[in-house]
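For the sequence shown, position 75 matches number 75 in the UniProt record's numbering, and the numbering has no gaps at all.
The structure under discussion appears below in the form of structure tokens.
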Amino acid sequence: MTAGAVALGIAQLVAGVFGGTSPIIAVGNSAVDNTPLWLKEWAIRTFGENDKNVLIGGILVVVALLAAALGVLSRRRVGFGVAGLWLFGLVGMVAVLTGAEAGPLAILPPLIGAGAGAMTLSSLFRRLEPPPWAESERAEALAAAKTDDSRAAAEPGDSHAAAEHDDSHAAAERDDSGKTEMPPVMRAGSELHAFSRRRLLTGVGVGVGVAGVSGIAGQLLSGRNDVSGARTAVAKALPTAATPLPPLPAGVDFKIPNLSPFSTPNHDFYRVDTALVVPAVDPKSWTLKIHGMVDKPIEITFDDLIKRPLMEADVTLTCVSNEVNGPYVGNARWLGVRMADVLREAGLQANADMLLSTSSDGWTCGTPIDIVMDGRDALFAIAMNGEVLPVSHGFPVRQVVPGLYGYVSATKWVTDIKVTRYDLDEAYWTPRGWSAMGPIKTGSRIDLPRNKVKPGRNTIAGVAWAQHRGIEKVEVQVDDGDWRVARLAEVPGPDTWRQWAIDWDFTPGLHTIRCRATDGTGQTQTANGAPPAPNGATGYPTVLMEAV
């Protein structure tokens with residue numbers, strides 16, 4: 001295990017020095033890319049936003065177990081362990097070379113890490129070998145034993161005893177397999193055995209130290225790419241909207257305890273993506289390329305983007321992985337440049353129907369062109385809720401498109417847009433079992449009550465959404481009774497969620513609460529339950545609670 005730790009630590013250090021991807025992260029990215037649909041949904045449902053930490057932890061546990069197994073095999077022949085470490089290195093090399101961010105030096109972290117691990121393993125086993133002075137002591141011990149035998153054989157009348165002594169001595173010098181046993185100086189419990197054990201423990205200690213120091217140093221070096229300073233600089237010079245939106249209507253928020261606020265704080269905004277390590281993109285080097293089926297390919301820098309007319313938009317985002325009554329919905333006021341204006345500069349060709357956007361880490365997303373160009377507030381966003389985009393939410397630039405699930409619209413860290421067709425290209429999630437199109441389905445959620453309340457009058461409340469169609473009505477049912485219409489909060493437009501609430505007199509005992517929403521087109525949320533895959537979960541949100 002020590003050799004394995006050294007391999008990982010050195011690989012992390014090399015990745016930090018050369019700005020590459022560590023083998024653990026590369027293998028994790030490969031696992032994410034090849035995870036079956038059912039397993040992905042289970043992970044998100046079970047671990048939520050901690051699914052990435054669980055994946056990395058699982059990989060480390062597997063590596064530790066395999067390293068321990070190699071250690072056992074190496075006791076029989078050290079070559080087994082060395083070969084195993086190089087096999088680990090090969091897996092890491094394949095993972096980094098097939099990753100989206102593979103560069104000319106990508107192979108160095110797993111290659112050098114495997115070499116360091118193999119050298120460490122060989123060195124540790126050499127420490128178990130007897131030192132040169134032990135051979136001379138062994139020779140002296142054997143010579144002394146022969147001298148004693150010769151003297152005993154030379155004494156008259158004792159030939160039979162001498163023979164017995166010689167036989168017993170020879171037997172003592174052989175083990176059960178017939179091999180000559182080490183003389184006393186080499187046996188367990190001897191000074192040499194203690195010396196070898198000390199040498200091994202010293203080597204293990206040095207190896208653990210090297211693994212720890214190199215791993216920490218690698219992490220610190222990777223931190224050179226931290227963009228917090230760049231965010232601060234952008235924040236100081238953040239432009240305002242050409243035509244700012246008016247303040248939110250006074251009645252957008254009921255301010256009921258435990259009810260989701262109308263505007264989701266940035267630190268509470270959900271995060272679901274495939275990035276095991278959040279990309280650190282410097283706005284000074286960021287560019288957005290628009291090419292493909294266009295009349296004039298263009299490339300925009302961050303300075304070019306923020307000099308354009310900026311606009312604000314209140315938009316609720318929803319993840320397609322959101323279960324019925326789930327948490328992956330959030331609302332914010334976004335600041336950015338209208339996507340349609342930028343795309344018109346490139347000149348979209350008439351037969352194109354998809355924008356294939358790519359993030360800095362290689363993730364791709366397919367967005368219908370007609371949706372982006374129909375006049376809705378689709379943005380290249382640079383800020384949310386009055387602050388520069390957080391790094392985990394796409395700094396410096398991300399896409400925001402009302403009315404579509406995030407997997408077909410909300411590319412974070414966007415750097416490239418290929419104008420193409422759905423019959424020519426497909427985005428990241430399409431071959432993995434998700435629909436190419438992902439329009440938002442009318443949804444709702446019960447925020448309270450969730451557990452126990454006192455009998456009598458209590459408030460049932462939550463949020464509902466149908467981006468770009470709006471919410472016209474929310475109804476609530478308790479214990480299979482009649483559906484009652486809830487009161488609705490104000491909204492600034494059809495692209496946000498809407499709070500709802502209703503007071504209810506609960507009798508003592510268990511109760512089942514359901515809700516359903518009706519959008520601006522008159523379509524009511526379906527009762528038919530369906531999982532998130534392939535294009536969004538459906539069904540009535542249901543809560544079992546108790547009045548006691």
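Yeah, the Cβ is synthetic: ideal placement off N, Cα and C, and Gly gets one too.
Note that the coordinates shown come from a computational prediction; the quantities given were computed from them, not determined experimentally.
Taking the alpha carbon of residue i as the point to measure from, which residue in the options has its own alpha carbon closest?
i	options	result
D505	K236, A250, I460 and L13	I460
G9	N50, V210, A67 and A64	V210
V401	L73, T367 and A275	T367
R514	D495, A464 and A489	A464
R78	L105, G58 and M119	According to the sequence provided, residue 78 is Val. The question's Arg does not apply to it. For the residues L105, G58 and M119, the minimum Cα distance to V78 belongs to M119.
V252	L245, P244, P261 and L305	P261
F269	D303, Y328 and N258	Y328
T232	G57, Y540 and P390	P390
I440	M339, T538, A547 and L121	T538
K454	H511, E475 and D282	H511
K40	A217, P246, A235 and D273	D273
W413	T430, L488, A427 and T287	T287
G20	G92, G330, K255 and L105	L105
Q477	D503, L488 and G456	D503
D425	F395, F380 and M354	M354
C319	R398, A410, M311 and V63	A410
M373	R398, V342 and E387	V342
A31	L488, S22 and I56	I56
E323	N53, V63 and A530	A530
A547	L404, P246, L448 and A275	L448
List the endpoints of the continuous alpha helix (DSSP H) containing residue i.
i	result
E41	L37 to F47
S409	Element bounds for S409: n/a, residue is neither H nor E.
G79	V78 to L97
G71	D51 to S74
E345	M339 to A346
G28	P23 to D33
M119	L108 to R126
V234	S228 to K236
Buried or exposed for residue i, going by 16 or more other Cβ atoms inside 10 Å?
i	result
P532	buried
S285	exposed
D416	buried
L13	buried
K452	exposed
Q50	In the sequence as presented, Gln is not what sits at residue 50; that position holds Asn. Exposed: under 16 other Cβ atoms inside 10 Å.
residue 555	Missing from the structure shown is residue 555; the chain here goes from 1 to 548 and no further.
A527	exposed
F125	buried
E164	Its pLDDT being 47, under 50, E164 is placed unreliably by the model, and the measurement read from it follows with that caveat. When all chains shown are included, E164 counts as exposed.
A172	Unreliable placement is indicated for A172, whose pLDDT of 41 sits below 50; no coordinate value is reported for it.
A242	exposed
G292	buried
S47	A quick correction: the sequence has Phe, not Ser, at residue 47. With fewer than 16 Cβ atoms within 10 Å of its Cβ, F47 is classed as exposed.
W500	buried
L60	exposed
G456	exposed
Is the beta carbon of residue i sitting closer than 8 angstroms to the one on residue j?
i	j	result
G347	K296	yes
A116	A7	yes
A26	A95	yes
R333	H468	no
N385	N266	yes
L90	F80	no
I298	G336	no
P279	S357	no
P492	P249	yes
T316	D495	yes
G58	L70	no
G470	I446	no
V543	R450	yes
A11	G99	no
F302	P396	yes
V82	L121	yes
C365	A427	yes
G443	V408	no
R421	N351	yes
In the DSSP output, what is residue i paired with across the bridge?
i	result
D505	R457
T316	N331
I298	I290
D475	Reading off the sequence, residue 475 comes out as Glu, not Asp. In DSSP, E475 forms a bridge with V485 and R516.
F380	V337 and Q399
E357	Checking the sequence shown, residue 357 turns out to be Ser, not Glu. According to DSSP, which records beta bridges pairwise, S357 is partnered with C365 and I417.
M311	G336
W465	G443
What is the residue span of the beta strand (DSSP E) that residue i lies within?
i	result
D447	G443 to L448
F18	Counting along the chain, F18 falls outside any beta strand (DSSP E), though it belongs to the alpha helix (DSSP H) covering T2 to F18.
A547	T542 to A547
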